[in-house]
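Quick note on numbering: the sequence shown equals residues 454 to 778 in UniProt numbering.
In this text, a Cβ means the ideal position worked out from N, Cα and C, and glycines have one as well.
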Amino acid sequence: KQRVLEGIRELPAETTDGERVSLLANIGLLSDIRVALQNGAEGVGLYRTEFPFMTRSAFPGRQEQAEIYKKVLQGFSGLPVTIRTLDIGGDKALPYFPQPKEDNPFMGWRSIRVSLEREEIFREQLAGVLLASPYGKCNIMFPLVSGVDEVRSIKTILQEVRDELVREGRQVSDEIGVGIMVELPAAVFCAEFLAKEVDYFSIGTNDLIQYTLACDRNNQRVKRWYDPYHPAVLRSIRRVADAARDAGKPVTLCGEMAADPVNALLLMGLGIRSFSLSAPAIPAVKEAIRRVSMEEAKKIAGRVLRMESGQAIRKYLEGVNAEIA
Ligand code: PEP
Ligand code: MG
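See below:
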């Protein structure tokens, strides 16, 4: 099986009836670039920039950040790279940036909320991304967005930082895609509005499951409530895929659930045509995609969407998995 998986690196992720799916990598460190390319990633759907921030003792400035982002863009030589702005707080801490003590950190001061309040840090990061942008196919993405007001504030700041750089005579790409992570139920329900504001969506199921089910993604005590097959989660994904399609905007799904091949088939049936995964999971997902038709994937999804029980869905998918294995 391992040899089969290695053999498909150069082959496209294409169903038997000829539908293409994009398989991108989730990365954090520069060392992930090699692993991503070895596994046949077609680019980066999620670059978690917390990692370069974690390995330092103070916030890196714009130039230092630009150097790192440039290495990533060049490492993928022209393939798309989606750089996500800082997503600290909750489960991700920086040693030199003390977090306030909060009763509910996952519902507290984290992610884009930190960026929008500590604007000097945010502007420095945006400048870093913009300075690196001419060195590849650069997209920028914002985490934990809850609605259009946030997106408009973000876009205003991004435009200001860009204008400032251009005034300084710096080169900045004109083709940077601006997107958001859909990982809050609020964003799911406002997906139609949000789709008009951005170039693309990326569904972050790790957090979307947590916030939909009020279930801490890292708390083992409540693990059984953290259920990717809960109908509320699957209907949310369907809703976002539909809104994106209606608006003519692409959508990627970058949560861990897509790393399981049978889940990827289900998600394709729900309308997802692009996945960003931990790179070692790419070959097995690709292999599964190459063995089914889009019709079959849609049948799986149609069946699942009619089920009321997460447990029944899990059981049904285990059966599908046994069939395709
Ligand atoms: C997610 O929330 O699904 C996601 C991909 O981002 P992170 O795991 O970094 O929160
Ligand atoms: Mg997230």
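Using DSSP with H/G/I as helix, E/B as strand and the rest coil, what is residue i?
i      : result
Ser475 : strand
Lys590 : strand
Val631 : strand
Thr467 : According to the sequence as given, residue 467 is Glu; it is not Thr. Three-state DSSP puts Glu467 in a strand.
Gly581 : helix
Ile690 : helix
Tyr549 : coil
Val651 : coil
Tyr664 : helix
Tyr682 : coil
Gly701 : coil
Leu758 : helix
Val715 : helix
Val745 : coil
Gly763 : helix
Arg537 : strand
Ile574 : helix
Gly528 : helix
Asp695 : helix
Gly722 : helix
Ile461 : coil
Gly561 : coil
Compute every distance between the C-beta of residue i and the non-hydrogen atoms of the ligand PEP, then say whether any falls below 7 angstroms.
i      : result
Thr468 : no
Under the criterion of a Cβ to heavy atom distance below 7 angstroms, does residue i qualify as lining the ligand MG?
i      : result
Pro638 : no
Met634 : yes
Pro596 : yes
In the DSSP assignment, what residue or residues form a beta bridge with residue i?
i           : result
Ser727      : Ser475
Gly542      : Lys545
Tyr500      : Ile480 and Ile536
residue 780 : With the chain running from 454 to 778 in the structure shown, residue 780 is simply not present.
Collect the residues with a C-beta less than 6 angstroms away from any heavy atom of the ligand PEP and give them in sequence order along the chain. For the ligand PEP, the selected residues are Leu499, Arg501, Asp540, Glu636, Gly657, Thr658, Asn659, Asp660, Cys707 and Gly708.
For the segment 595-641, which segments carrying the beta strand (DSSP E) assignment without a break, of at least 3 residues, lie completely within its bounds, in sequence order? 630-635
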